[in-house]
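Reviewing the structure listed below.
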Amino acid sequence: MRGKRSKQYRKLMHQYALAFNFREPYQVLLDAEIIQDTTKFKMDLPHLLSRTLHGQVKPMITQCCIRQLYLAKTEDRAVKNSWIETAKGCERRKCGHQELEEPLGAEECIMSVVDPKDSGTNKHRYIVASQDAATRRRLRGVAGVPLVYVQRSVMVMEPMAARSEEVKDDQEREKVRSGVKRGKSSGTGEKRKREGKERAQGREPAERYEVEEAPRPLGAQLESRYAGQDREPNQSSETRGKEGKGSKERSFGLGRGND
């Protein structure tokens with residue numbers, strides 16, 4: 001597997017884990033066709049699933065799918081035995097269709113296991129590995145179903161479907177809203193907790209007042225008062241001082257002349 005594609009699959013499984021709570025070992029539902037194709041290309045199916053999903057896997061097969069392998073017609077008996085041996089190595093998943101004379105197709109059987117109540121949710125967190133395009137197309141409408149298939153002897157994991165993306169985005173928005181609400185109510189909650197603790201200790205909750213700001217110095221008040229204005233008070237006082245000095249000099253001169 002190429003490094004870029006492997007990184008994408010790891011990131012995708014991380015998103016499924018966060019949004020839909022997927023955990024290892026991953027339960028992987030197989031259909032009959034993917035067992036036939038991986039045997040044809042001589043692929044180690046459990047190893048490839050673990051490598052693609054970046055975690056431990058638990059391969060599973062429904063009763064209908066394993067019956068399809070028994071009923072499949074092929075000229076090579078050894079190939080058919082190989083299919084059945086691979087299926088026997090998987091955990092058997094009861095689908096409830098064993099009483100039917102003919103097994104259901106992969107689409108109907110797997111859908112009844114993944115979404116039995118037709119609610120659009122993957123309650124048991126199955127990953128589906130299917131070669132049937134119709135099955136994968138229908139499963140895209142169920143939120144939180146990772147899909148895997150084999151293309152030209154390469155295992156491929158589909159991007160997250162639109163329905164799953166919508167559910168994931170809704171969950172992220174809900175987390176943001178709940179976080180904002182918790183932030184607004186945290187101050188009130190701390191105050192109530194503190195008052196309850198004081199009452200438990202036999203004390204009345206102390207009243208808390210806001211500390212008033214100290215008055216500013218007179219110089220700062222004057223500076224802010226005359227900020228942006230001409231400093232006329234200083235200039236007028238200096239002018240008055242000069243005028244007073246001149247009048248004294250004139251009066252002194254007149255007095256000497258009269259003498």
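Residue numbers (full-length UniProt numbering): 1 to 259.
Glycine included, C-beta positions come from ideal geometry on N, C-alpha and C.
Note that this is a predicted model, so its numbers are computed, not measured.
Quiz prompt | Secondary structure of P46, DSSP reduced to three states | solution = Position 46 of the sequence shown, counted from the start, is the residue given in the question as residue 46. It is helical.
Self-check item: Q151 - containing beta strand (DSSP E), residue span
Solution: Start at 1 with the first residue of the sequence shown, and residue 151 comes out as number 151. Taken as a continuous stretch (DSSP letters only), the beta strand (DSSP E) holding Q151 covers L147 to Q151.
Quiz item: By DSSP, does L139 sit in helix, in strand, or in coil?
Solution: Sequence index remark: in the sequence shown, residue 139 carries index 139 (1-based). It is helical.
Quiz item: Which residue or residues does DSSP assign as beta-bridge partners of Y70?
Solution: For the purposes of this step, residue 70 is taken as residue 70 along the sequence shown, with counting starting at 1. Per DSSP, none; premise fails for Y70.
Quiz item: What number of angstroms, rounded off, separates the C-alpha of R137 from the C-alpha of T62?
Solution: Mapped onto the sequence shown, residue 137 falls at position 137. Mapped onto the sequence shown, residue 62 falls at position 62. Roughly 19 Å between the two C-alpha positions.
Quiz item: From what residue to what residue does the alpha helix (DSSP H) around L12 run?
Solution: Start at 1 with the first residue of the sequence shown, and residue 12 comes out as number 12. Its alpha helix (DSSP H) spans residues G3 to F20.
Exercise. Determine the direct distance from the alpha carbon of V148 to that of E158, and round the result to whole angstroms.
Key: As a first step, residue 158 must be located in the sequence shown, where it is residue number 158. As a first step, residue 148 must be located in the sequence shown, where it is residue number 148. Distance between the alpha carbons of E158 and V148: 6 Å.
Exercise. Would you kindly check if the distance between the Cβ of A143 and the Cβ of V113 is under 8 Å?
Key: As a working mapping, residue 113 is identified with position 113 in the sequence shown. As a working mapping, residue 143 is identified with position 143 in the sequence shown. No, the pair does not count as a contact, with Cβ atoms beyond the cut-off.
Practice problem: Return the residue from the list V128, A32 and Q171 that minimises the CA-CA distance to S82. | Solution: Taking the sequence shown and counting its residues from 1, one reaches residue 82 at position 82. With distances taken between Cα atoms, S82 lies closest to A32.
Quiz prompt | Bridge partners - residue 267, DSSP secondary structure assignment | solution = Within the shown structure, residues of the chain are numbered from 1 to 259, placing residue 267 beyond reach of any answer.
Exercise. Throw me the rounded Cβ distance for the R10 and M60 pair, which I believe falls under 8 Å.
Key: Stepping through the sequence shown from its first residue, residue 10 is reached at position 10. Stepping through the sequence shown from its first residue, residue 60 is reached at position 60. Contact doesn't hold; Cβ gap of about 23 Å is too wide.
Quiz item: Can you tell me whether DSSP reads M157 as helix, strand or coil?
Solution: Position 157 of the sequence shown, counted from the start, is the residue given in the question as residue 157. Reduced to three states, the DSSP call for M157 is strand.
Practice problem: May I ask which residues mark the beginning and end of the alpha helix (DSSP H) holding R77? | Solution: Locating residue 77 in the sequence shown gives position 77, counting from the first residue. Unbroken alpha helix (DSSP H) run through R77: R77 to K88.
Quiz prompt | Rounded Cβ spacing between Y26 and G55 (contact assumed at less than 8 Å) | solution = Counted from its first residue, the sequence shown places residue 26 at position 26. Counted from its first residue, the sequence shown places residue 55 at position 55. Yes, Y26 and G55 are in contact; Cβ-Cβ is about 6 Å, under 8 Å.
Self-check item: Identified DSSP bridge partners for M60
Solution: To locate residue 60, count along the sequence shown from 1; it is residue 60. Answer is L29 and E91.
Quiz item: Taking Cβ positions, are R125 and F22 nearer each other than 8 Å?
Solution: Within the sequence shown, residue 125 is the residue found at index 125, counting from 1. Within the sequence shown, residue 22 is the residue found at index 22, counting from 1. Yes, they are a contact pair.
Quiz item: How would you call E130, buried or exposed, if buried means at least 16 neighbouring beta carbons within 10 angstroms?
Solution: Residue numbering aside, residue 130 sits at position 130 when the sequence shown is read from its first letter. Here residue 130 turns out to be Ser, not Glu, going by the sequence shown. Buried, by the Cβ-count rule.
Quiz item: Assuming T86 and I35 make a contact with CB atoms under 8 Å, what is their CB distance in whole Å?
Solution: Locating residue 86 in the sequence shown gives position 86, counting from the first residue. Locating residue 35 in the sequence shown gives position 35, counting from the first residue. 5 Å between Cβ atoms; contact.
Quiz item: Measuring CB to CB, does T38 end up less than 8 Å from V79?
Solution: Sequence index remark: in the sequence shown, residue 38 carries index 38 (1-based). Sequence index remark: in the sequence shown, residue 79 carries index 79 (1-based). Against a cut-off of 8 Å, the Cβ pair of V79 and T38 comes out as no contact.
Quiz prompt | Through-space distance from Q201 to R194, alpha-carbon basis | solution = The residue labelled residue 194 in the question sits at position 194 within the sequence shown. The residue labelled residue 201 in the question sits at position 201 within the sequence shown. R194 and Q201: Cα-Cα distance of roughly 11 Å.
Quiz item: So, is V176 buried or exposed, given that buried needs 16 or more other C-beta atoms within 10 angstroms?
Solution: In the sequence shown, counting from the first residue as 1, residue 176 sits at position 176. That one is exposed.
Exercise. Look at the alpha carbon of residue 287 and the alpha carbon of C95, and state the distance between them as a whole number of angstroms.
Key: With the chain covering 1 to 259 only, the question about residue 287 has no answer from this structure.
Quiz item: Between which two residues does the alpha helix (DSSP H) harbouring S112 extend?
Solution: Within the sequence shown, residue 112 is the residue found at index 112, counting from 1. First-last of the alpha helix (DSSP H) with S112: A106 to V114.
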